[in-house]
Amino acid sequence: MKRIAVLTSGGDAQGMNAAVRSVVRNALDKGIETYAIYEGYQGMVDGGNSIRPIGWNEVGGILQQGGTVIGSARCQRFRERDGRLQAAYNLVSNGIEGLIIIGGDGSLTGAHILQKEWAELLQELVATGKIDAETAVHHETPAIVGMVGSIDNDMHGTDMTIGADTALHRIVDAIDAITSTAASHQRTFVIEVMGRRCGYLALMSALATGADWVLIPEAPPDVDDWESKLCESLHQGREVGRRDSIVVVAEGAQDRHGNPITSQYIKQVLEEQLGEDTRITVLGHVQRGGSPSAFDRNLSSLCGADAVDAILTQEAHVEPLVIGIQGNKITRTPLSHCLQKTWGVAEAIKANDYEQAMALRGRSFAESFRIVRTLVRAVPHPAQPGQRRLRIAVMHAGGPAPGMNTAVRAAVRLGIDNGHIMLGIQNGFHGLIEDEIRELNWMSVAGYSIRGGAELGTNRYSPSGRDFYAIARNLEKHDIQGLLIIGGWTGYHAAIDMYRQREHFPAFDIPIVVMPATINNNVPGTDLCIGADTALNNIVQAVDKIKQSAVASRRTFIVEVMGRYCGYLALMSAMATGAERVYIHEEGVTLKDLVEDVDQLNTGFKRGKRLGLIIRNEMANEIYSTSFMNALFEEEGGDLFDVRQAILGHMQQGGDPSPFDRILATRMAARCINLLEEQIGTGEPMSACIGQVGGDMRFTDLQDIPRLMDAQFTRPKTQWWMDLRPVAKLLAQPAPGARNGKKSRRKE
Ligand code: ADP
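Residues in the sequence shown are numbered from -5 upward in steps of one, following our numbering.
This is the structure we're talking about:
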């Protein structure tokens, strides 16, 4: 493969730039000539200057930009054979042998059709004398690879499409803001979000905010007279003291018979039946705008790297491949399979077969929908005769992590809805020892989902010695039958201690479930912890600003981030901001590294570089501290550049939880309540911690946790994200011609 081209097509999505950057740099690194096709298929049909080489430095500085720097368009001509014939001619005459397309299902349908027709198109080009037979043979089977760029998260073949996470950020920010004004005036708001055939954005934003009702295309209201049901629920909400009423509606929402449900119609219903002052906010293009989230930048960077690997395979010549993410793994799926499944949902909705539509969306979508339907209730379901009424306590342990409140709200409401008594333990283990325990009711957790910090209070106190007597006494006093601990390593550690001492303290012989909530992402049994995504976004936003501040000077920044001994935040923020070097404790820092880095910086600045960016984990090396590095680089940089350090500190832990953290917290809480219900009352109850592993939620027995943990450095023994280092390193290097000697001088 000598030459490939990359294009972005259809509706733009945040993260497309990161994808283009990754494709261009990975391809150039492999010695493949790389072209950009500007303005999507329009450029492919137009040819000429719309198809031209793109270089390493041309994709510099675009990671943080929304939209797509190579342009996107909708192109009517490409829908027609005649347009595709011209496009094929332009590709062949530019010598392009492989095509990487970043776009939605429409754009990828276009790619599918182009590939199917290719042989015929070439025949015609030969027959009409436009190309010669030899050229046709050379271009017999172009390799095609797709990445799904779409804010709607509406395509099979990836858990997340590029742009969906950022769109959720925009929506959740807007709903949070509207909630506060709605509450001030006791108003009702109907918020319309994008998603013609996919309710993902509506559903997940309702899950993540304090929304009171949600309407999505895949699961219309289950009764014909849904209007009365909606009004009754909102009315009930007012009666129990809700100050705001928020209805989230996907633009493609419809009733059971396929009639559209518009935001205008909902407003009319609410005004007529409830007499409420109702306002509509159509979020529109705001959802596509703004800087991409950390997740979208990294997803795009990783998919882009794999797209280049994939295009070099024989498979990509036989059938276009879609690069996506499933769990934490980058995957390749045949395009035709992805399209079939995607069209299947649209067809099911069209045929009013909603069961099928939900089934095709997958388990976690359906589970989220069930959870939302409970969480939005104004009051819990009435108790069922014979229903068990368990006493379950919820507490935190460890440092604060954004999303802790969200988890408490979900656990409390889902528990109460199942008939249980939910108790809140204040101030972590201190509170459990000091008997700071109170019952939580449905409304006492209202507003929790969107708030950062930890309303129940949390600290790093770990119980020992006589503390256990007090804990046992209070568990007995409140007749606590199950315990949910939401926190970091402190919580795991304490839970393991309690579990081990259950023979001495019968009160400990209850199921104890731990949910991972720490920004450091350093506990075992899970790929991701609640709070880490928020912290990552906080870091990325801060680094974006730091980078901007340096435009006018030749400067290197050393940014120190949290994580204790775990380099997750450092590596992921480095990848998302394009930092050229990341220091983490797992890899260590040697004097030799530092000398090489100084050399690299000096060479770079001599060649005209204006900004250096280095991210350092707070514990990367005890001796070579941030200020040591600062002094070293400053001295060695001489007149070439100056150095500044930025220790980001506690801003990383603060702020409202990101949509992802809210969703993760809610889904985990639901599973934990289920496990507690299952285990309470069994002879030998299981104690476990929940995790997201691969794409699944899983429990790990508490007994197995110590073996998975590196006790000295409080981090898991194996960390999945360590495999991502090569991609991050490659993308941040200088262009191949401008490198210092060896291709990659850093140890793997
Ligand atoms: P998205 O890719 O975001 O779903 P569109 O559906 O508008 O956006 O598709 C983008 C472009 O892809 C269209 O303007 C057209 O050029 C091309 N395209 C879409 N569907 C087809 C199709 N069925 N056949 C050929 N080209 C198509």
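Note that beta-carbon positions come from the ideal geometry of N, C-alpha and C, so glycine has one too.
- Shortest gap from the CB of D99 to any heavy atom of the ligand ADP: under 7 Å.
- When secondary structure is reduced to three states using DSSP, M352 falls in the helix class.
- With 16 or more other CB atoms across the displayed protein chains lying within 10 angstroms of its CB, I(-2) is buried.
- The beta carbons of G356 and N399 sit no closer together than 8 Å.
- In this structure, V142 sits away from G284, with a CB-CB distance that is not shorter than 8 Å.
- Three or more pairs of CB atoms, one per stretch, sit closer than 8 Å, so the stretch 162 to 177 contacts the stretch 192 to 207.
- Rounded to the nearest angstrom, the gap between the Cα atoms of K586 and N322 is 33 Å.
- Per DSSP, the beta bridge partners of I480 are H390 and M509.
- Nearest to D633 by alpha-carbon distance, out of Y493, K600 and C69, is K600.
- When C-beta atoms of the stretch 509 to 517 are compared with those of the stretch 544 to 564, three or more pairs fall below 8 Å, so the two segments count as touching.
- N43 counts as exposed, since fewer than 16 other C-beta atoms from the protein chains shown sit within 10 angstroms of its C-beta.
- Residue pairing of P328 in beta bridges, as defined by DSSP: L315.
- In this structure, A395 sits away from G519, with a CB-CB distance that is not shorter than 8 Å.
- Proximity of the beta carbon of R661 to the ligand ADP is not indicated: no heavy atom of the ligand is located closer than 7 Å.
- Under DSSP, P254 shares a beta bridge with Q248.
- If you check the CB distance, V545 and T571 do not come in under 8 Å.
- Restricting attention to T155, H106, E629 and E134, the CA atom closest to the CA of Q117 is found in E134.
- Taken atom to atom, the span from the alpha-carbon of V241 to that of R496 is near 47 Å.
- In the DSSP assignment, Y32 falls outside any beta strand (DSSP E) and carries neither an H nor an E.
- Look at the beta carbons and you see the stretch 286 to 298 not touching the stretch 255 to 271: under three pairs across the two are nearer than 8 Å.
- Between the alpha carbons of Q70 and K541 lies a distance of about 40 Å.
- Across the structure, G100 and M149 are spaced so that their CA atoms are roughly 10 Å apart.
- Nearest to P314 by C-alpha distance, out of I107, N84 and G481, is I107.
- In the displayed model, M141 falls within a strand according to three-state DSSP.
- Distance check between H644 and each of D303, D636, N20 and T528 places T528 closest, using alpha-carbon atoms only.
- About 37 Å separates the CB atoms of S362 and R610; that is not less than 8 Å, and the two are not in contact.
- Straight-line measurement puts the Cα of E554 at about 49 Å from the Cα of Q230.
- Taking one beta carbon from each stretch, the stretch 15 to 32 and the stretch 678 to 698 have fewer than 3 pairs nearer than 8 Å; the two do not touch.
- Take A200, set aside five residues on each side of it, and the residues of its chain with a beta-carbon closer than 6 Å to its own are V208, V242 and V366, in chain order.
- K323 is bridged by DSSP to Q320.
- By the criterion of a C-beta distance shorter than 7 Å, R454 is surrounded in its chain by G392, G393 and T484, once the five residues flanking it on both sides are discounted.
- Within the stretch 168 to 230, the complete alpha helix (DSSP H) segments at least 4 residues long are 194 to 202, listed from N- to C-terminus.
- Shown here, N514 sits in coil according to DSSP, grouped into three states, outside any helix or strand.
- Secondary structure note for M416: its beta strand (DSSP E) is the uninterrupted segment I415 to I419.
- When the alpha-carbon of G481 is set against those of S178, S456 and L57, the nearest one is in S456.
- Here Q320 is not near T155, since their CB atoms are 8 Å or more apart.
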